[in-house]
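First up is the structure itself, then whatever we jot down about it.
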Amino acid sequence: MTERNDRPESTEAGTKKASASKTARKKTAATKSSTPKAGTRKASAGQSTARKAKGEKAAVQPVPASRNAFEAGAARASGERRRRSGTPLLSALEPVELSAARREVMLAKLAMPEQPKSGVDESTGAGRGDVSGTTTPDTPRRKRPPRKAIRERREQRARERALHPVPSLPEPLEAVAPTTEPAERHTDPPAEQPGGAAGIAAGLQSRAERLVGAVLESAEFSSEVRPGPAELVELAVNVLRAAATAAGVPAEDVERQVAETLAYVRRRLTGDYTVDEFGFDEEYTVHVHLPLLRPLYKSWFRVEVKGIENIPSEGGALVVANHSGTVAMDSLMTQVAVHDEHPNKRHLRMLGADLVFQLPFVGAIARRSGTTLAANTDAERLLADGHLVGVWPEGFKGVGKPFSERYKLQRFGRGGFVSAALRAGVPIVPCSIVGAEEIYPMIGNLPTVARLLGLPYVPITPTFPWLGPLGAIPLPSKWLIEFGAPIDTTALGRDAADDPMLVFDLTDQVRETIQQTLYSLLMQRRSVFI
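Just so we're aligned: the sequence shown equals residues 42 to 571 in my numbering.
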């Protein structure tokens with residue numbers, strides 16, 4: 042029994058202890074929840090400190106400087122107004138004393154005219170081109186005078202020129218058209234003319250100055266008073282004549298050349314020119330083609346011609362020459378030599394390969410300057426009509442041969458040119474050309490590039506293609522051209538053209554003649570470039 046009573050007591054004591062511990066835990070939790078953490082207290086303290094500092098800063102913030110300056114300016118202005126209101130005015134009779142320097146400055150400003158300020162910027166007060174901010178007036182634009190004033194000024198200039206004539210030439214220029222006998226004009230020597238060369242130059246200079254002044258004055262005003270084409274032509278002719286007189290060239294030659302050029306231009310504009318059935322334009326050849334080649338002929342290659350008397354004065358003839366030079370410059374120089382050196386100024390009608398006429402720009406120029414396709418039918422027709430025909434039988438084999446084989450003639454083909462001369466019954470004139478081999482010394486070839494471009498060869502020279510476009514300039518070698526004695530074909534008859542052995546023998550004879558003449562000319566030439 043005792044044991045049973047002890048167990049309930051111990052159970053009751055444990056229950057009381059458990060309830061007491063629960064109550065203690067509840068009180069601790071309530072205390073923790075009601076008490077804030079230390080970090081929270083620190084944050085709230087920092088926020089309150091920031092609010093206090095902000096308030097203090099707002100309390101001590103100064104007044105803006107602009108507001109103080111405005112208030113100070115207003116105070117000074119009010120004080121200035123009060124001071125001025127209390128100051129008595131100066132008497133009208135009381136003189137004002139000025140220094141001498143101040144007086145001179147004021148007088149100078151009054152004397153200066155007022156200049157417009159069109160170039161001043163109203164917002165900044167500075168000129169358009171001024172960077173510093175100071176005002177700089179622009180130059181006033183010149184206004185165009187009315188038409189009435191222009192007419193009056195033109196009439197006044199005409200009256201002045203009539204009252205004070207300008208000294209002119211002894212024989213003034215009356216027309217620019219070509220005359221029948223231009224060499225008879227100005228036949229007297231300059232020393233016998235009044236005033237001599239100095240008087241001529243003075244007269245030309247005065248007339249040129251007058252016309253130039255008229256051009257400049259007309260440019261300032263209106264197009265109604267500008268000189269016409271006749272006055273401009275007169276100005277150009279006078280300037281050229283003055284330059285020719287100063288250079289020692291006869292003035293009549295310059296005048297004749299200008300007149301011929303103007304007449305050529307007029308005929309071109311009006312369509313008053315003829316072209317033959319082969320496309321040859323004689324006026325174009327004389328006035329454009331040959332003048333462009335003459336500087337090369339006379340000054341660059343310095344060509345010397347021998348045996349020009351072997352070319353007949355009239356009638357047909359076949360000129361056969363050697364071909365060389367990488368570029369066919371020898372045919373062009375031969376054309377110039379025949380026209381300029383022959384007494385009758387004959388034109389050489391050249392026979393060209395198919396490639397010449399296939400080129401876009403070269404073909405048109407070649408046909409207009411007298412080149413015809415190298416065919417027997419065309420050659421026979423030209424020879425039968427009495428033309429002078431030139432042929433280069435070596436073709437591209439001669440032009441494109443290497444420099445190591447220079448002046449060694451290649452094969453002359455099948456002798457087609459000989460058969461054409463036999464059928465036409467014209468003489469054959471051998472022609473030997475020395476100097477063309479050195480203008481583009483061919484040291485190599487590019488066959489692959491030539492096949493791609495459709496050309497017979499693409500040369501490599503000491504200057505091309507290494508120097509680019511400058512490599513196309515030919516070297517200034519010394520040229521010698523000799524026309525040999527003509528070979529008569531009339532005794533053989535037209536039927537000889539059908540005999541192949543006779544044609545071959547005559548072709549070989551022409552080739553050997555040209556080869557021997559080349560050796561002779563090489564011995565006569567002192568140097569390649571001199």
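Even glycine gets a Cβ: it sits at the ideal position worked out from N, Cα and C. Since this is a predicted model, take the numbers as computed values, not measurements.
Q: Would you tell me roughly how many angstroms separate the C-alpha atoms of D539 and A358, rounded to the nearest one?
A: 20 Å
Q) Whose C-alpha, out of V551, P506, V467 and T558, is nearest the C-alpha of L533? A) V467
Q) From what residue to what residue does the beta strand (DSSP E) around M483 run? A) It is not in any beta strand (DSSP E) - M483 carries neither H nor E in the DSSP assignment.
Q.
Which same chain residues end up closer than 7 Å to L463 when comparing Cβ atoms and leaving out the 5 residues on each side of it in sequence?
A. T530, L533, R535, A537 and A538
(Q) Taking 9 Å as the threshold (C-beta atoms), are S518 and I480 in contact? (A) yes
Q: Compute the distance between the beta-carbons of F437 and Y498, then report whether it is under 9 Å.
A: yes
Q: Give, in chain order, every unbroken run of the beta strand (DSSP E) that is at least 3 residues long and sits entirely within the segment 354-389.
A: 358-362
**Q.** Collapsed DSSP secondary structure at E587 in the structure displayed
**A.** Because the chain in this structure spans residues 42 to 571, residue 587 falls outside the shown range and cannot be described.
Q) Going by DSSP, which residues form a beta bridge with M542? A) Answer is none; M542 lacks a bridge partner.
Q | Whole beta strand (DSSP E) elements within the segment 506-536, 3-residue minimum | A | 521-524
**Q.** Residue burial classification, I522 (beta-carbon count within 10 angstroms, cutoff 16)
**A.** buried
Q: Can you say whether T548 is buried or exposed, counting buried as having 16 or more other CB atoms within 10 angstroms of its CB?
A: buried
(Q) Measuring only the C-alpha atoms, how far is F444 from M564? (A) 18 Å
Q: Specify the secondary structure class of S410 as computed by DSSP and reduced to three states.
A: coil
Q: Give me the Cβ distance between R409 and D317, rounded to the nearest whole Å; I'm assuming they're in contact under 8 Å.
A: The Cβ separation is near 11 Å, so there is no contact.
Q: For my contact list, V432 and L423 are in at a C-beta cut-off of 8 Å; report their separation, rounded to the angstrom.
A: Wrong, their Cβ atoms sit about 11 Å apart, outside the cutoff.
Q) Residues in its own chain within less than 7 Å of V346 by CB, not counting five upstream and five downstream? A) A378, E382 and I522
Q. With V440 and G366 assumed to form a contact (beta carbons below 8 Å), what rounded beta-carbon distance in angstroms separates them?
A. 6 Å
Q: Mind checking which residues open and close the beta strand (DSSP E) that includes S473?
A: I469 to V475
Q. Cα separation between V295 and A285?
A. 7 Å
Q: Express the C-alpha separation of L303 and P575 in angstroms, rounding to a whole number.
A: The chain is shown from 42 up to 571; residue 575 falls before or after that span and cannot be answered.
Q) Going straight from the alpha carbon of L400 to that of T412, what length do you get? A) 14 Å
Q.
Considering Cα atoms alone, identify which of S354, A405, L396 and T418 is closest to A369.
A. L396
Q: From the DSSP output, in three-state form, read off I191 for me.
A: helix
Q.
By DSSP's criteria, P500 is part of a beta bridge. Which residues make up the other side?
A. N486
Q.
Am I right that C472 and V361 are in contact with their C-beta atoms under 8 Å? What's the rounded C-beta distance?
A. 6 Å
Q. When you compare only the Cα positions, how much space is there between L333 and H388?
A. 16 Å
Q. Which of helix, strand or coil does DSSP assign to E339?
A. For the record, residue 339 in the displayed sequence is Lys; it is not Glu. It is helical.
**Q.** Contacting residues, own chain, Cβ-Cβ under 8 Å from G525 (five flanking each side not counted)
**A.** G348, N351, V470, P471, C472, S473, T554, I555 and T558
**Q.** Identified DSSP bridge partners for M391
**A.** G431
Q: Classify K449 as helix, strand or coil using the three-state DSSP reduction.
A: coil
Q: Determine the DSSP secondary structure at K442, reduced to helix, strand or coil.
A: coil
Q: State the DSSP-derived secondary structure class of V346, mapped to helix, strand or coil.
A: strand
**Q.** Distance, E478 Cα to P515 Cα
**A.** 11 Å
Q: Report the rounded CA-to-CA distance for I191 versus R198, giving the unit in angstroms.
A: 11 Å
Q) Which first and last residues belong to the alpha helix (DSSP H) in which R309 is found? A) A292 to T311
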